[in-house]
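Peer 1:
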Ligand SMILES: C[S@@+](CC[C@H](N)C(=O)[O-])C[C@H]1O[C@@H](n2cnc3c(N)ncnc32)[C@H](O)[C@@H]1O
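Numbering (our numbering), first residue to last: -11 to 212.
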């Protein structure tokens, strides 16, 4: 079952228990329980070697993926964040507290899942991704795009990443969804990303896609 569409019901099987560390920061931006389960199931199904995440935040999405990679037998995660966000203004002391939680959770993931190589890259994804591809990595298998949620920011990352996808690679864009009527109010401005993707990469580029509003709204796609 290599196809995302065929695997989708199994990816959305929420009957598992994940047992994740708690979210501790003041803003609840961490992955939703249902989205974490989807992420875990997808990585168990796809068995990626190279995973890239933009937007590590507290490291709970990373922890979830590492748990699945450990059960797969091993793999590599490259996750990117920095003490800031181009879309939000928050005092530096709060970002530094977030960094402390992130470092603790990433260390816990490294200790708990020793078969997983977890690489944290400190910096703006738009600068870090071009430093990774192609100098350190020539392809990715699974890309969790969860940093910027505004269309121009998502597209900036996507244009860097797309050339390094292989047939079968899976990308998850977080906080966007094709059915804009189901999007939370604060994300309504981002509705055009998925439509543009469906018409461009979907129709012309051979990417199959799935859209969901369950848990965090997400748009998933797989290179054909
Ligand atoms: C929604 S949170 C990520 C949640 C996490 N992936 C999870 O599953 O729990 C978004 C994170 O992306 C970071 N971020 C936003 N824009 C970024 C950028 N251009 N480069 C790197 N990190 C960014 C924010 O600081 C924040 O920590």
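From the three backbone atoms N, C-alpha and C, an ideal C-beta is built for every residue, glycine too.
#1: Identify, in the order they occur along the chain, each residue of the same chain with its Cβ nearer than 8 Å to the Cβ of residue 166, setting aside the five sequence neighbours on each side.
#2: Please classify residue 62: does DSSP put it in a helix, a strand, or coil?
#3: Between the beta-carbon of residue 37 and the beta-carbon of residue 126, is there less than 7 Å?
#4: Rounded to whole angstroms, how far is the Cβ of residue 84 from the Cβ of residue 71, which I believe are closer than 8 Å?
#5: Can you tell me which residues form a DSSP beta bridge with residue 100?
#6: Please name the residue or residues paired with residue 38 in a DSSP beta bridge.
#7: Should residue 134 go down as buried or exposed, given a rule of 16 or more other Cβ atoms within 10 Å for buried?
#8: Assuming residue 246 and residue 52 make a contact with CB atoms under 8 Å, what is their CB distance in whole Å?
#9: How would you label residue 94, buried or exposed, when you count the other beta carbons within 10 angstroms and need 16 or more for buried?
#10: For the segment 141 to 210, which segments carrying the beta strand (DSSP E) assignment without a break, of at least 3 residues, lie completely within its bounds, in sequence order?
#11: When you compare only the Cα positions, how much space is there between residue 104 and residue 136?
#12: Rounded C-beta distance between residue -1 and residue 30? I'm assuming under 8 Å.
#13: State the start and end residues of the unbroken beta strand (DSSP E) segment that holds residue 128.
Peer 2: The relevant details are as follows:
#1: For this step, residue 166 is matched to residue 178 along the chain shown. Excluding its 5 nearest sequence neighbours in each direction, residue 166 has C-beta neighbours in its own chain below 8 Å: 182, 183, 186, 197, 199, 207, listed in chain order.
#2: The sequence position of residue 62 within the chain shown is 74, counting from 1. It is coil, neither helix nor strand.
#3: Translated into positions along the chain shown, residue 37 becomes position 49. Translated into positions along the chain shown, residue 126 becomes position 138. Against a cut-off of 7 Å, the Cβ pair of residue 126 and residue 37 comes out as no contact.
#4: Mapped onto the chain shown, residue 84 falls at position 96. Mapped onto the chain shown, residue 71 falls at position 83. Indeed, because the Cβ distance is near 6 Å, the residues count as touching under 8 Å.
#5: If you number the chain shown from 1, residue 100 lands on position 112. Beta-bridge analysis with DSSP links residue 100 to no other residue.
#6: To locate residue 38, count along the chain shown from 1; it is residue 50. In the DSSP assignment, residue 38 forms a beta bridge with 64.
#7: Working through the chain shown from its first residue, we reach residue 134 at position 146. Here residue 134 is buried: its Cβ has 16 or more other Cβ atoms, across all protein chains shown, within 10 Å.
#8: Outside the modelled stretch of the chain, which goes from -11 to 212, sits residue 246, for which no answer is possible.
#9: Translated into positions along the chain shown, residue 94 becomes position 106. With 16 or more Cβ atoms within 10 Å of its Cβ, residue 94 is classed as buried.
#10: If we require 3 residues or more, the beta strand (DSSP E) runs fully inside the segment 141 to 210 come out as 153 to 162, 195 to 200.
#11: For the purposes of this step, residue 104 is taken as residue 116 along the chain shown, with counting starting at 1. For the purposes of this step, residue 136 is taken as residue 148 along the chain shown, with counting starting at 1. Here the alpha carbon of residue 104 sits roughly 26 Å from the alpha carbon of residue 136.
#12: The residue you call residue -1 lines up with position 11 of the chain shown. The residue you call residue 30 lines up with position 42 of the chain shown. Correct: roughly 5 Å between the Cβ atoms.
#13: What you label residue 128 is simply residue 140 of the chain shown in a count that begins at 1. Start and end: 128 to 133.
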